[in-house]
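Trainee: Start counting the first sequence at 1; every next residue gets the next number (the UniProt record's numbering).
Could you have a look at this structure, given as structure tokens, before my questions?
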Amino acid sequence: MRIAITATGAGRVAIGDPDGPERHEVDREHLPALVARLEAEHAPRWVWRDTREWAPLLLAHGVRVARCHDLRLCGAILAWSTAVATARDEAPARPEWLPPGPAEAPVDEPVAPVASVAAHAALFELDAPSEIRSGDGSRPPSLADLDAEHDRQLALADAADSPGAMRLLLAAESAGALVAAELRTAGLPWDRGEHERVLEAALGPRPAPGRKPDRMEELARAVREALDAPSLNVDSHADLLRALRAAGIGVGSTARWELREHDHPAIEPLLAYKRLARLWSANGWAWLDEWIVDRRLRAEYVAGGTATGRWATSGGGALQLPKVVRGAVTADEGWSLVVADASQLEPRVLAALARDPAMAAAGRGRDLYRAIVDAGVVESRDEAKVALLGAMYGATSGDSGRLVPRLGRAYPRAMALVDDAARTGEAGRRVTTLLGRSSPLPPTSWHETQARANGVDATAADERRARSAARDWGRFTRNFVVQGTAAEWALCWMASLRPRLAAMSLPPGAPPASASGPAFERMPHLVYFLHDELIVHAPEGLTGAVADAVRESAAEAGRLLFGEAPVEFPLDLDIVRSYAAVS
DNA sequence: GAATGTTGCGCC
DNA sequence: AAAGGGCGCAACATTC
């Protein structure tokens, strides 16, 4: 059974099952209770334009749904997938009320500004993410519109090259949208005091507004002295580069890896300064004030936010939390963190994707890199890692590029898969993940560069530029198939874990409720996701059951994508009070 | 003075 | 030690 939800204006909401008796129109404030009742009675798949329009409101009232279909995210996948190309030519177009997906904007063609964002924003709940758009600002869809679009999308999925794979992708993407909303509502438990201790140990006491921390000022003075440049602004790349060269340090930029090459008394304080400056500006006191509210980091996750299907964030920088501040991630009293990451996910995905028997054999144990050494392909684990990353990223030089050919001889099918993806991209064509997410086409400027090189009056420089641009795009598509399929594995992992956690609950008389809000205070819940890693906030008495569920979900994700293919996806899993306690 | 581009660095 | 993929963000520099 499915039930669609849409706004009808003036704070009213229509809700309806196209084939059944459940048709209602209610005030917004009565929606959570109604959804809760229908969820309990029918466990429907909820069909809506955009999960971000509805999930925050429901979660704020403690209401969770098990399944949904996010028409915006699924529509974006179907609009690009090569797996439905033929059917799409014959199907109706995406309706105008359905906005594009988060990763659909072409690289060099900025999206046109939305007509009336402010006017539309008022329709949404206050706690909804700020940048929700209604597409072109036209009328919201009717229930019939939603049902028709849902039917259109399901028909496209049924007509896909692998209908089961596409249906799985749409379900996983929609589940991801629910998880993203839930992560934001629950928040990542954050100990402000612990974070402040880290800052003070590194930077000294919090400076007055407009001042830099003492430790940074000291280091800046040392740099100016060592470079004999008393008026140098250390924060200015241009200024700094001039001063470095004047002091006889032959660098082409002020990047850390280049500075490290030189032996000069200015280098050490400069590198220390840059490290502290980064901590201060990215995760300093100002960040704490802005982002840590009520013991929680509530970052905005953008499901499907990147071309490959990996998520992005908007605000809070939750996907770039530096290791030094992770000690501030601390479970509530009576609760624990179950931290799990899929080790060596991408090479394992490559092995399974390519059905490369030799590489799959290496991926059967816990350490794929070690197995490559044991198979005699390279001499050290470090070399195995660098070679594999080089193969997936398209390295051509350095140690990595040198080792790749040896990998190719040992694992020809895996290498053929990524090489083929690279050639497809170099030709300006799209590649597609296992479940059916396709890469974008290169920007018009790319095509123009290629056309210029093929013209009658092409210069050697034109041809060089075109070859370089083609190889760049080839590296992108080479990586796309692996990174994108790994993202699908991770989505399936979470989609499988979510209902398992929802089925658990805090035993009576057990620890206090968590501070994660009414939807999560009495059950284990996801609080963090980072590409191939997740954190569950769990009552202490349930950590064992949660760990089992996390492992079973990882195994389930492997089966969903690859059937019984002989590649394992082992987890590194820890049960801790603080994130710092993990490797 | 606001918008846009570049650089550098944090994460996977 | 260096350089291959995907990102977001802050700061500075440049342009309008």
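For glycine and all other residues, C-beta sits at the position ideal for the given N, C-alpha and C.
Got a sec? Which residues, its chain only, sit under 6 Å from residue 512 by beta carbon, not counting five neighbours each side?
Mentor: 334.
Trainee: Grab me the residues of residue 543's own chain with a C-beta within less than 8 Å of its C-beta, minus the 5 sequence neighbours each way, in chain order.
Mentor: 336, 338, 575, listed in sequence order.
Trainee: Scan the stretch 493-559 and note each continuous beta strand (DSSP E) run of 3 residues or more that stays entirely inside, going in chain order.
Mentor: Segments of the beta strand (DSSP E) lying fully in the stretch 493-559: 525-529, 533-539.
Trainee: Going by beta carbon distance, what residues of the same chain come within less than 6 Å of residue 535, once the five residues before and after it are set aside?
Mentor: Here the set comprises 337, 339, 527, 528.
Trainee: Quick one: grab the DSSP three-state call for residue 10.
Mentor: Residue state, collapsed to three classes: coil.
Trainee: Determine the contact status of residue 515 and residue 295, defining contact as a CB-CB distance below 7 Å.
Mentor: Contact flag set, yes.
Trainee: For residue 302, which of helix, strand or coil comes out of DSSP?
Mentor: In the structure shown, residue 302 sits in a strand (DSSP, three-state: E or B).
Trainee: Taking the C-alpha atoms as reference points, what is the distance between residue 275 and residue 198?
Mentor: Between residue 275 and residue 198, the C-alpha separation is close to 14 Å.
Trainee: Of all the options 79, 44, 75, which has the alpha carbon lying nearest to the alpha carbon of residue 64?
Mentor: The option with the nearest alpha carbon to residue 64 is 44.
Trainee: Which residues does DSSP pair with residue 46 in a beta bridge?
Mentor: Answer is 3, 68, bridged to residue 46.
Trainee: Mind pulling the alpha helix (DSSP H) runs of 4 or more residues that sit fully within the stretch 268-335?
Mentor: Whole alpha helix (DSSP H) segments, 4+ residues: 285-291.
Trainee: Express the C-alpha separation of residue 329 and residue 578 in angstroms, rounding to a whole number.
Mentor: Their backbone Cα atoms lie some 6 Å apart in a straight line.
Trainee: Helix or strand or just coil, what does DSSP make of residue 432?
Mentor: Residue state, collapsed to three classes: strand.
Trainee: With distances taken Cα to Cα, identify the nearest neighbour of residue 166 among 417, 183, 432, 47.
Mentor: The residue with the shortest Cα to Cα distance from residue 166 is 432.
Trainee: So, using beta-carbon positions, are residue 74 and residue 170 closer together than 7 Å?
Mentor: Their beta carbons are under 7 Å apart, which means residue 74 touches residue 170 by this criterion.
Trainee: Beta-carbon separation of residue 156 and residue 66 under 7 Å?
Mentor: Their beta carbons are not under 7 Å apart, which means residue 156 does not touch residue 66 by this criterion.
Trainee: So, is residue 523 buried or exposed, given that buried needs 16 or more other C-beta atoms within 10 angstroms?
Mentor: Counting Cβ neighbours within 10 Å, residue 523 comes out buried, since at least 16 surround it.
Trainee: Could you give the distance in angstroms between the alpha-carbon of residue 30 and the alpha-carbon of residue 51?
Mentor: Straight-line Cα distance between these residues: approximately 18 Å.
Trainee: According to DSSP, is residue 567 helix, strand or coil?
Mentor: Coil, per DSSP.
Trainee: In angstroms, rounded to a whole number, what distance separates the CA positions of residue 232 and residue 239?
Mentor: So the two alpha carbons sit approximately 7 Å from each other.
Trainee: Hey, out of 504, 498, 443, 1, whose CA is closest to residue 175's CA?
Mentor: Among 504, 498, 443, 1, the Cα nearest to that of residue 175 belongs to 498.
Trainee: What does DSSP give as the partner residue(s) for residue 26 in the beta ladder?
Mentor: The partner list for residue 26 (beta bridge, DSSP) reads 13.
Trainee: Does residue 243 pass the burial test, meaning 16 or more other C-beta atoms within 10 Å, or should it be called exposed?
Mentor: Buried, because 16 or more other Cβ atoms sit within 10 Å of the Cβ of residue 243.
Trainee: Rounded to whole angstroms, what is the Cα-Cα separation between residue 315 and residue 455?
Mentor: Going from the Cα of residue 315 to the Cα of residue 455 covers about 45 Å.
Trainee: Using DSSP's beta-bridge definition, name the partner residues of residue 340.
Mentor: DSSP, once it has assigned bridges, lists 534, 573 as partnering residue 340.
Trainee: When DSSP labels each residue in this structure, what does residue 190 get in the three-state scheme?
Mentor: Here residue 190 sits in strand by DSSP.
Trainee: Let me confirm a value: residue 320 is counted as buried when at least 16 other C-beta atoms fall within 10 Å, else exposed. Which label applies?
Mentor: Under this definition residue 320 is an exposed residue.
Trainee: Only counting the same chain, and skipping five residues up and downstream in sequence, which positions put a Cβ closer than 7 Å to that of residue 342?
Mentor: Correct list, in chain order: 532, 554, 569, 571.
Trainee: Quick one: give me the first and last residue of the alpha helix (DSSP H) that residue 249 is part of.
Mentor: No alpha helix (DSSP H) holds residue 249; DSSP gives it neither H nor E.
Trainee: Buried or exposed, going by whether 16 or more other CB atoms sit within 10 Å of the CB of residue 116?
Mentor: Confidence at residue 116 is low in this model, with a pLDDT of 30, below 50, so its placement is unreliable and the value that follows should be read with caution. So residue 116 ends up on the exposed side.
Trainee: For residue 530, I'd like the list of residues in its chain whose CB is within less than 7 Å of its CB, leaving aside the five on either flank, ordered along the chain.
Mentor: Excluding sequence neighbours, residue 530 sits near 319.
Trainee: Shortest alpha-carbon distance to residue 488 belongs to which of 220, 60, 353?
Mentor: Ranking 220, 60, 353 by Cα distance to residue 488 puts 353 first.
Trainee: Verify whether the separation of the beta carbon atoms of residue 610 and residue 180 is less than 7 Å.
Mentor: Here the chain covers residues 1 to 583 and nothing more, so residue 610 does not appear.
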